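Q: Heads up, the sequence shown is in the UniProt record's numbering, so the first residue is 1 and it goes up one at a time.
Right, I'll just put the structure down here and ask away after.
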Amino acid sequence: MVLRGYVPTSEETLQTLAALRLQSLNSDFSTHAPFPRLEELFPPHVLHARLPPPLHRPPTKCRGARLRAGLLAGGLWGQALAKQRAERDQRLRGRLREEGASTMAAIVEKWKLLQGMGRPEAMAAYVALVREWPGFGSTLFDVDLHAVRPRLGVVQGQPWQWATLTPLSLQSPVGSGPQRLWLGIGAKAVSLYKPGEPEPLDSFCYGRISSFGASDSSTFRLSVEDRDLLFETSQVDEIAQLLNTYLASAGAQRLPRPQEPPTSAHTSEPTVLPQGLCPAAGPWQHRPPVGSSHS
Numbered sequence: 001m002v003l004r005g006y007v008p009t010s011e012e013t014l015q016t017l018a019a020l021r022l023q024s025l026n027s028d029f030s031t032h033a034p035f036p037r038l039e040e041l042f043p044p045h046v047l048h049a050r051l052p053p054p055l056h057r058p059p060t061k062c063r064g065a066r067l068r069a070g071l072l073a074g075g076l077w078g079q080a081l082a083k084q085r086a087e088r089d090q091r092l093r094g095r096l097r098e099e100g101a102s103t104m105a106a107i108v109e110k111w112k113l114l115q116g117m118g119r120p121e122a123m124a125a126y127v128a129l130v131r132e133w134p135g136f137g138s139t140l141f142d143v144d145l146h147a148v149r150p151r152l153g154v155v156q157g158q159p160w161q162w163a164t165l166t167p168l169s170l171q172s173p174v175g176s177g178p179q180r181l182w183l184g185i186g187a188k189a190v191s192l193y194k195p196g197e198p199e200p201l202d203s204f205c206y207g208r209i210s211s212f213g214a215s216d217s218s219t220f221r222l223s224v225e226d227r228d229l230l231f232e233t234s235q236v237d238e239i240a241q242l243l244n245t246y247l248a249s250a251g252a253q254r255l256p257r258p259q260e261p262p263t264s265a266h267t268s269e270p271t272v273l274p275q276g277l278c279p280a281a282g283p284w285q286h287r288p289p290v291g292s293s294h295s
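In structure tokens, the structure reads:
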């Protein structure tokens with residue numbers, strides 16, 4: 001989870017986590033201790049993010065200019081461009097090695113400070129740091145949020161609209177195109193994160209989810225109260241299976257225990273739900289899997 005970049009935190013904390021991992025693996029620092037590769041300790045995308053972005057030349061609009069550029073690209077000019085790209089790639093690889101060496105040195109310095117810490121303590125400290133992220137314990141999926149619309153039962157015939165999410169609000173769709181997000185599925189709620197951001201854009205406890213299902217092999221629909229969210233993802237089945245598991249667990253917690261007598265029909269007291277669960281929006285409706293005509 002940490003190495004895949006799914007724990008948004010500072011580089012300083014990531015280095016500390018790497019040092020704690022070394023302490024748990026090798027005990028106290030020693031020059032003779034085996035060193036894992038940096039990518040086994042530290043998220044590679046953090047190092048790549050330090051590199052300058054690639055240069056993009058604007059496309060040539062004039063047809064004649066495009067033709068001349070094509071002819072030049074096939075001759076000496078093309079060879080010169082290829083040489084420039086190779087030199088730039090070499091510089092970037094050198095820069096990446098420098099960044100990697102600098103990061104490893106910082107991790108080793110933090111590892112030295114952990115001298116005397118036992119393996120259980122190192123593991124406990126590692127978990128404690130990761131648990132500071134509010135999304136700890138959730139399974140994260142990379143998704144593209146394509147659209148948000150009012151549900152057809154609320155507004156008949158409403159077309160899909162592109163959506164922009166603001167913190168704790170899904171009420172302001174605008175024409176912005178799909179958004180790459182993390183869909184976090186936890187024991188008590190489903191959350192949407194902007195990749196790398198520690199706080200969710202929005203979070204829905206299971207009582208607010210009225211239905212979910214697969215529209216096709218790469219499209220997943222989540223109905224939250226009066227709105228439908230449409231996601232594109234390669235993990236439709238995994239998301240559906242995990243939601244089923246948590247929804248079944250949440251539903252079981254809402255049922256009375258077998259040894260308890262049934263509630264009187266004349267009782268006007270509302271059902272008390274376990275702490276952290278919302279009142280249910282209605283019975284769960286797991287839509288049929290891929291290929292169904294009920295999507």
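Glycine is no exception: its CB is placed at the ideal position from the N, C-alpha and C atoms.
In this text the structure is predicted, and so the values were computed from the model without any measurement.
Looking only at its own chain, which residues have a Cβ that is under 6 Å from the Cβ of Asp28, when we skip the five neighbours before and after it?
A: Here residue 28 refers to the residue found at position 28 of the sequence shown. Here the set comprises Gln115.
Q: Sorted by chain position, which residues of the same chain lie with C-beta nearer than 6 Å to Asn26's C-beta, five sequence neighbours on each side aside?
A: Here residue 26 refers to the residue found at position 26 when the sequence shown is read from its first residue. Hits under 6 Å: Ala33.
Q: Of all the options Ala187, Lys110, Ile209, which has the alpha carbon lying nearest to the alpha carbon of Glu225?
A: In the sequence shown, counting from the first residue as 1, residue 225 sits at position 225. Among Ala187, Lys110, Ile209, the Cα nearest to that of Glu225 is on Ile209.
Q: By the three-class DSSP mapping on this structure, what secondary structure does Tyr6 have?
A: Sequence index remark: in the sequence shown, residue 6 carries index 6 (1-based). It is coil, neither helix nor strand.
Q: Considering Thr13, what are the terminal residues of the alpha helix (DSSP H) in which it resides?
A: Here residue 13 refers to the residue found at position 13 when the sequence shown is read from its first residue. Residues 11-26.
Q: Measuring CB to CB, does Met104 end up less than 8 Å from Leu201?
A: Within the sequence shown, numbered from 1, the residue matching residue 104 stands at position 104. Within the sequence shown, numbered from 1, the residue matching residue 201 stands at position 201. Not in contact: Met104 and Leu201 (Cβ atoms no closer than 8 Å).
Q: At least one CB of chain D closer than 8 Å to the CB of Phe220: is that the case?
A: Absent here is chain D; the protein component of the structure consists of one chain.
Q: Rounded C-beta distance between Val143 and Val7? I'm assuming under 8 Å.
A: The residue you call residue 143 lines up with position 143 of the sequence shown. The residue you call residue 7 lines up with position 7 of the sequence shown. No, Val143 and Val7 are not in contact; Cβ-Cβ is about 18 Å, not under 8 Å.
Q: Helix or strand or just coil, what does DSSP make of Asp237?
A: On the sequence shown, position 237 is the one that residue 237 refers to. Helix.
Q: With burial defined as no fewer than 16 other Cβ atoms inside 10 Å of the residue's Cβ, what is the status of Ala18: buried or exposed?
A: Against the sequence shown, residue 18 aligns to sequence position 18. Buried is the call here.
Q: Tell me which residues share the same chain as Gly5 and place their Cβ nearer than 8 Å to its Cβ, disregarding the 5 neighbours each side in the sequence.
A: In the sequence shown, counting from the first residue as 1, residue 5 sits at position 5. Same-chain partners within the cutoff: Pro43, His45, Val46, Pro195, Gly196.
Q: Could you tell me which of Gly213, Trp111, Ser191, Val148 sits nearest to Glu238, measuring between CA atoms?
A: Within the sequence shown, numbered from 1, the residue matching residue 238 stands at position 238. Gly213 is the residue among Gly213, Trp111, Ser191, Val148 whose C-alpha sits nearest the C-alpha of Glu238.
Q: With Ala33 as the anchor, note down where its beta strand (DSSP E) starts and where it stops.
A: By one-based count along the sequence shown, residue 33 stands at place 33. Where Ala33 is concerned, there is no enclosing beta strand (DSSP E), because DSSP gives it neither an H nor an E.
Q: Below 8 Å on the Cβ atoms is my guess for Phe231 versus Phe220; work out the distance and round it to an integer in Å.
A: Taking the first residue of the sequence shown as 1, we reach residue 231 at position 231. Taking the first residue of the sequence shown as 1, we reach residue 220 at position 220. Correct: roughly 5 Å between the Cβ atoms.
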